[in-house]
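Enquirer: Chains as they are written, first to last, in this note's numbering: chain A, 646 to 1019; chain B, 45 to 454.
Yeah, the Cβ is synthetic: ideal placement off N, Cα and C, and Gly gets one too.
Because the structure is a prediction, the values reported are computed rather than measured.
1) Kindly identify the DSSP beta-bridge partner or partners of residue 746 of chain A.
2) Near residue 804 of chain A, what residues of its chain come up, given a Cβ to Cβ distance below 8 angstroms and the 5 sequence neighbours on each side ignored?
3) In the structure shown, what three-state DSSP assignment does residue 887 of chain A receive?
4) Would you say residue 791 of chain A lies against chain B (beta-carbon separation less than 8 angstroms)?
5) Starting from residue 944 of chain A, follow the beta strand (DSSP E) in both directions and report where the run begins and ends.
6) Using only CA atoms, which one of B/97, B/118, B/186, B/385 lies nearest to residue 310 of chain B?
7) Since residue 407 of chain B meets chain A, which of its residues come closer than 9 angstroms, beta carbon to beta carbon?
8) So the beta strand (DSSP E) residue 927 of chain A belongs to, where does it begin and stop?
9) Just to confirm my understanding: we take residue 316 of chain B, look at its own chain, exclude 5 residues before and 5 after, and list those with CB closer than 6 angstroms. What are they?
10) Determine whether the Cβ of residue 335 of chain B lies closer than 8 angstroms to any Cβ atom of chain A.
11) Give a yes or no on contact between the region 985–1004 of chain A and the region 900–915 of chain A, applying the rule of three or more CB pairs nearer than 8 angstroms.
12) Return the chain-ordered list of same chain residues with a C-beta closer than 6 angstroms to the C-beta of residue 885 of chain A, the five sequence neighbours on each side being excluded.
13) Would you call the region 316–331 of chain B in contact with the region 371–379 of chain B, where contact means no fewer than 3 C-beta pairs closer than 8 angstroms?
14) So is residue 28 of chain B in contact with chain A if we call contact Cβ pairs under 8 angstroms?
15) Tell whether a beta-carbon distance below 8 angstroms holds between residue 390 of chain B and residue 293 of chain B.
16) Hey, could you find the ends of the alpha helix (DSSP H) residue 907 of chain A is sitting in?
17) Going by C-alpha to C-alpha distance, which of A/790, A/715, A/851 sits closest to residue 802 of chain A?
18) Are the region 817–830 of chain A and the region 752–766 of chain A touching by the rule of at least three beta carbon pairs closer than 8 angstroms?
19) With 16 other CB atoms within 10 Å as the buried threshold, where does residue 268 of chain B fall?
20) How do the region 168–179 of chain B and the region 1001–1017 of chain A stand: do at least 3 beta-carbon pairs fall below 8 angstroms, yes or no?
21) DSSP puts residue 813 of chain A in a beta bridge; with which residues?
22) Suppose the cutoff is 6 angstroms on Cβ atoms and the five residues either side in sequence are ignored; what does the same chain contact list for residue 983 of chain A look like?
23) Is there a Cβ from chain A that is less than 8 angstroms from the Cβ of residue 395 of chain B?
24) Quick check: what's the CA-CA separation for residue 977 of chain A versus residue 916 of chain A?
25) For residue 37 of chain B and residue 281 of chain B, I'd like the C-alpha separation in whole angstroms.
26) Could you give the DSSP three-state label for residue 982 of chain A: helix, strand or coil?
27) Can you tell me whether residue 70 of chain B is buried or exposed, with buried defined as 16 or more other CB within 10 angstroms of its CB?
28) Can you give me the Cβ contacts of residue 650 of chain A inside the same chain, cut-off strictly under 7 angstroms, excluding the 5 residues immediately before and after it?
29) Is the beta carbon of residue 940 of chain A closer than 8 angstroms to that of residue 924 of chain A?
30) Could you tell me the distance, in whole angstroms, from the CA atom of residue 450 of chain B to the CA atom of residue 299 of chain B?
31) Quick check: is the beta carbon of residue 66 of chain B nearer than 8 angstroms to any beta carbon in chain A?
32) Are residue 699 of chain A and residue 662 of chain A touching if we call contact CB-CB under 8 angstroms?
33) Within this structure, are the beta carbons of residue 666 of chain A and residue 676 of chain A separated by less than 8 angstroms?
34) For residue 201 of chain B, which of helix, strand or coil comes out of DSSP?
35) Hey, how far is the Cα of residue 448 of chain B from the Cα of residue 371 of chain B?
36) Just tell me which of A/689, A/866, A/809, A/872 has its CA closest to the CA of residue 851 of chain A.
What follows is the structure in structure tokens.
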């Protein structure tokens, strides 16, 4: 194997693929990156047997071949090399890669490519999606996935393809995020699976604004593949059924409030400083105005028994019943962070009922937060 | 300047022996020790003052004590009565002093700073009540800090004749603390054992006065943080407060089976019973906890302990049982013999309840009311007035049954 690449390209793609590597994997070869020549490209792959990431970079291939190199050493070295051409030459008998870049000559010992588990990125994409849409869909759901392992299925993002609608949903048991997107083509057969949140975060990272990302979720494989230009991510789905969530989203509300996203976010952040001592519990107080259209009183209160308290007024209009409802303020902050629209709608049916947030004039994103009560 | 504190240290004289004498008046005034028989390789837990005059000390092997005094009377401690009497003493202290910190079964500190009466008078009042109401001798030390109060008590007791309980009071007047300490040997300071005392001796320090006059940085360098504290103490600086009973940090129950068992039904029934007892304990204390600990001891005596933390702080029997069962199902290897099983609840919080997306709020409220009714029934008619049907013909053979609290757990 004799191949030349640009340091910049190699460093960037190593940064993408090595995200699949877990710390201290059971097999030594899983700490390595697989390098293979493919026509006039160098293909890099890494896997933890659950998630596999492959990236391609342009290369001058003089002699085809393959090898695996320890990811840590390899990335660390490449990251510090100067922005020049890297000439690599493999000594197949010793599995040692000689790398020359500028003044630096390095020999890295690797493991035979045959020992690397086969990576199967699956067939053609079922559909394509704009990179920025996919990224937004992931960002608006993945944060709501569970981080605790009490219910493993909730550590994933539910992905469903039905008719012309792609749905993503995540819930940690205390909140639920549901985002939909309309597809150009229709799917007769419903397909759904639950993808680890970790995978979804990696997918969001590779999604660019001006790209199409292919998605393939064949039921029989119980795996999903995302294909972006020069990068492919395949992940195993989680075993089990995602709990039904449609029934949790209320349809009618006693109180409806319209607020300004960044204004509300700022008030919530201040409340959080004091709410920390109290399991982040903060109270939202809504007092609709007597006449419709007039500004309403909306307050977010954060209290700490030891350190004091804070109360902030958010600009709002409100209709319906007055409301005093307590939330884990972090949940409110999390969702406000992923809403780009200027205004949000907050709705609820009372202090022991879920609070529902959505961007104004959008029906494709809804977030449900369960309240806290004494 | 801060208000001069008034701290008392109370010590029940030869407490276990005094209680033994109450239970059997015929041994009063004789050389008595409490502890196990020499054949049981026992040691002296407590020695009466007549016994002490033979040179018998607590901690001494029983055989040696018998050699010193062949007519020595050895009695077993009645722990239940001792605990009762100790609590009665603490109650008297609490009646008089605003802050009481029990230091052990027969020892306590009290902060009486905010009381108007002179410290000596307060000490007399306490001693008189303990003497007359409980018929127990006790000695008190009084000073401006815990350190001085305890030292004064020890010094006061040592000055009394050895043949009967000292029942004495020793007060160090404010402003005379350093002077009071100066001529005492360093060993009188708490934390200075015989080894430290020898090390200090090598540095030419044998009295507390010499220790006070030595260099703090030298002591820190030689002994670390304890060295620094030693210097402060020698200079009569001890701002440590009298803390009321430490708050409950965890609650726990464990049981040892008479015969090791691998019967899942028996194990789970035990688990539920333990959950109920832990729940009852924490609810009585008005606490809710987030961390559940399961302890299993296998037949080979190796002990295994695992924890899980719930989002919400829980206190209901069924909630504790559910969590305990989750751990049990996860970690008990089917067929494995269990010798001991235990449950603990800790990380107490008084935070709001976070509702779950898929939680049945009505069922939750019903379970809460049921628990409240059960607690009321148990409080009124005793723990056996209402029980689970599945527990009725379940008579488990427990070898040992332990209540755990505070730092004792895990």
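Expert: With the structure as the only source:
1) In DSSP, residue 746 of chain A forms a bridge with A/749.
2) 811, 812, 813, 837, 838, 839, 840, 862, 869
3) Coil.
4) no
5) Its beta strand (DSSP E) spans residues 942–949.
6) B/385
7) Per Cβ cutoff of 9 angstroms: no residues; residue 407 of chain B is ~13 angstroms from chain A at best.
8) 926–932 is the span of the beta strand (DSSP E), which, as asked, contains residue 927 of chain A.
9) 365
10) no
11) yes
12) 798
13) no
14) In this structure chain B extends from 45 to 454, so residue 28 of chain B is not present and cannot be described.
15) yes
16) Looking at the DSSP string, the run of the alpha helix (DSSP H) that includes residue 907 of chain A is 906–920.
17) A/790
18) no
19) exposed
20) no
21) A/804, A/824
22) 784, 785
23) yes
24) Looking at the two C-alpha atoms, the distance is approximately 11 angstroms.
25) Given that chain B is displayed from residue 45 to residue 454, the structure contains no residue 37 of chain B and the question cannot be resolved.
26) helix
27) exposed
28) 687, 702, 704, 731
29) The answer is no: Cβ separation not under 8 angstroms.
30) Confidence at residue 450 of chain B is low in this model, with a pLDDT of 40, below 50, so its placement is unreliable and the value that follows should be read with caution. Looking at the two C-alpha atoms, the distance is approximately 18 angstroms.
31) no
32) yes
33) yes
34) Assigned with DSSP and collapsed to three states, residue 201 of chain B falls in helix.
35) For residue 448 of chain B, the predicted structure reports a pLDDT of 49, less than 50, and the residue's modelled location is therefore unreliable. A value from the coordinates is still provided. If you draw a straight line from the Cα of residue 448 of chain B to the Cα of residue 371 of chain B, it comes to about 19 angstroms.
36) A/872
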